[in-house]
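*Asks:*
Residue numbers (the numbering used here), protein chains in the order written: chain Z, 30 to 192; chain C, 87 to 356.
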């Protein structure tokens, strides 16, 4: 089964990550520690609480698997790509591309409601990234809507990001 | 859920049943039933939209009526794009279906069709009743996509059946399960309940017309349908069904939709 990324989760992750980037690193890094330890502590010290919104459009699909991409705005602006499995639960993976690097993660959400717009809510987890966000990790909530007519997603995310 | 019979028909059938049951008391004895499951895609092209066709068969020993079916759970393959199907854009409430039938439901709430065949015994005589089925999107239940199966059955027993169903998660190799609860439908006094012996259900756009409002006018269209993956799983698309009967038995049946022939796939790709 292909891993999926909830759109809302992606947006949330972006927000989380962006928040982390903006957060000030903790100054409590001791001179006696090794370089790697310092680096790890410096990464862990940056924590950001953020909210973001992503508007994603359809790229391709196969069965219940959907690939969407689009723009993310908010605390951590950039572009986002999500691979979702729209099963009885929406699950998937996401990548957010920002000017400082990319942020990756996964999430899941429960769909509810009916009609052209199907809403969903769930959680996301940031597992890593590249560049400034190479050590990114975090957790957040996500919610949004899925347009069943054109397969577009709007994902709103909120949470905290460390990097 | 409702099961009712017209008073005059019921009375007539009741009188007939009393006579026939008295003549043949042993004929109401039951034995365990066997079950079978069929499934197909129409059209069947990988990467394209389709209608899923599910066929459930129940067979009792010769001359006997199966026990009443109370629940069926059909597990379907992973990676079928229900959410991308464009089906069930509106909902129909159970109250509307009960009061008005499918004609009272929004056209965009109908997700499929089907047919059922039931058997009932009047003494020694086995009577077969067939009815059409409409499947409508219902308001979600506990966070799950809910459906309603509606079957009007005007003859020979005047029975209207409203059966709730849900799309629920399932463990691999299945992507989900369609759970259908079936009401007990009494036939006539002293006779066994109506027994379903065949249930044919389609989920998909085949035969459906949806409507959308565009710049003040109404546009009719055929919904997209359930999207098949671009690749076929090894061994084909697996389906399985668990039948629950009133006698407490839960027989299972399995089937697989074979992968399209390689030659056919290549031809279709051109």
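Where a beta carbon is used, it is the ideal one built from N, C-alpha and C, also for glycine.
Cα separation between residue 190(Z) and residue 112(Z)?
*Replies:* Residue 190(Z) and residue 112(Z): Cα-Cα distance of roughly 21 angstroms.
*Asks:* Could you name the residues of the stretch 175-190 of chain C whose beta carbon sits closer than 7 angstroms to any beta carbon of chain Z, in the order they occur along the chain?
*Replies:* Residues passing the 7 angstroms Cβ filter: 175, 176 and 177.
*Asks:* For a quick check, are the C-beta atoms of residue 86(C) and residue 291(C) less than 8 angstroms apart?
*Replies:* There is no way to answer for residue 86(C), as the model of chain C reaches only from 87 to 356.
*Asks:* Run through the stretch 161-241 of chain C for me and flag every whole alpha helix (DSSP H) of 4 or more residues, listed as ranges in chain order.
*Replies:* For the stretch 161-241 of chain C, whole alpha helix (DSSP H) runs of length 4 or above, ordered along the chain, are 180-186.
*Asks:* Quick one: what's got a C-beta closer than 6 angstroms to residue 302(C)'s C-beta in the same chain, skipping five residues either side?
*Replies:* Hits under 6 angstroms: none found.
*Asks:* Residues in the same chain with beta-carbon distance under 6 angstroms from residue 285(C), minus the five sequence neighbours each way, listed in chain order, please.
*Replies:* For residue 285(C), where only same-chain residues beyond five positions count, the Cβ hits under 6 angstroms are 142 and 202.
*Asks:* Decide if residue 336(C) is buried, meaning its Cβ has at least 16 other Cβ atoms within 10 Å, or exposed.
*Replies:* So residue 336(C) ends up on the exposed side.
*Asks:* Residues of the stretch 209-241 of chain C in Cβ contact with chain Z at a cutoff of 8 angstroms, in chain order, please.
*Replies:* Of all residues in the stretch 209-241 of chain C, 223, 225, 226, 229, 230 and 231 have a Cβ within less than 8 angstroms of some Cβ in chain Z.
*Asks:* 8 angstroms is my cut-off, CB to CB: does residue 86(Z) come that close to chain C?
*Replies:* False, the Cβ-Cβ gap to chain C never drops below 8 angstroms.
*Asks:* Looking only at its own chain, which residues have a Cβ that is under 8 angstroms from the Cβ of residue 90(Z), when we skip the five neighbours before and after it?
*Replies:* Result list for residue 90(Z): 96 and 180, in chain order.
*Asks:* How is residue 297(C) classed by DSSP in three states: helix, strand or coil?
*Replies:* In the structure shown, residue 297(C) sits in a strand (DSSP, three-state: E or B).
*Asks:* Note down, in chain order, every chain Z residue with its Cβ under 9 angstroms from the Cβ of residue 250(C).
*Replies:* Ordered by position in chain Z, no residue passes the 9 angstroms Cβ test against residue 250(C), which lies about 15 angstroms from the chain.
*Asks:* Assign residue 130(C) to one of three DSSP states: helix, strand, or coil.
*Replies:* Residue 130(C): coil per DSSP, three-state reduction.
*Asks:* Using a 10 Å radius around the Cβ and a threshold of 16 neighbouring Cβ atoms, would you call residue 308(C) buried or exposed?
*Replies:* With fewer than 16 other Cβ atoms within 10 Å, it is exposed.
*Asks:* Scan the stretch 256-280 of chain C for residues whose Cβ lies nearer than 9 angstroms to a Cβ of chain Z and list them as they occur along the chain.
*Replies:* Listed by position along the chain: 256, 258, 261, 262 and 263.
*Asks:* Any beta carbon of chain Z sitting closer than 8 angstroms to that of residue 325(C)?
*Replies:* It does not: the Cβ of residue 325(C) has no partner Cβ on chain Z nearer than 8 angstroms.
*Asks:* Does the stretch 293-301 of chain C come close enough to the stretch 151-161 of chain C that 3 or more CB-CB pairs lie under 8 angstroms?
*Replies:* Verdict: no, contact absent.
*Asks:* Can you check whether the C-beta of residue 182(Z) is within less than 8 angstroms of a C-beta belonging to chain C?
*Replies:* Answer no: the Cβ-Cβ gap between residue 182(Z) and chain C never drops below 8 angstroms.
*Asks:* Just list the residues that DSSP pairs residue 340(C) with in beta bridges.
*Replies:* According to DSSP, which records beta bridges pairwise, residue 340(C) is partnered with 326(C).
*Asks:* Which chain C residues sit within Cβ distance under 7 angstroms of residue 118(Z)?
*Replies:* Within 7 angstroms Cβ-Cβ: 255.
*Asks:* Classify residue 256(C) as buried or exposed, calling it buried when 16 or more other Cβ atoms lie within 10 Å of its own Cβ.
*Replies:* Under this definition residue 256(C) is a buried residue.
*Asks:* Under the DSSP definition of a beta bridge, which residues are partnered with residue 112(Z)?
*Replies:* Looking at the DSSP assignment, residue 112(Z) forms a beta bridge with 96(Z) and 122(Z).
*Asks:* Could you name the residues of chain C that residue 142(Z) contacts, counting a contact when the two beta carbons are closer than 8 angstroms?
*Replies:* Within chain C, the residues near residue 142(Z) are 226.
*Asks:* Interface residues of chain C around residue 92(Z) at Cβ under 7 angstroms?
*Replies:* The answer, in chain order, is 165, 166, 167, 313, 314 and 315.
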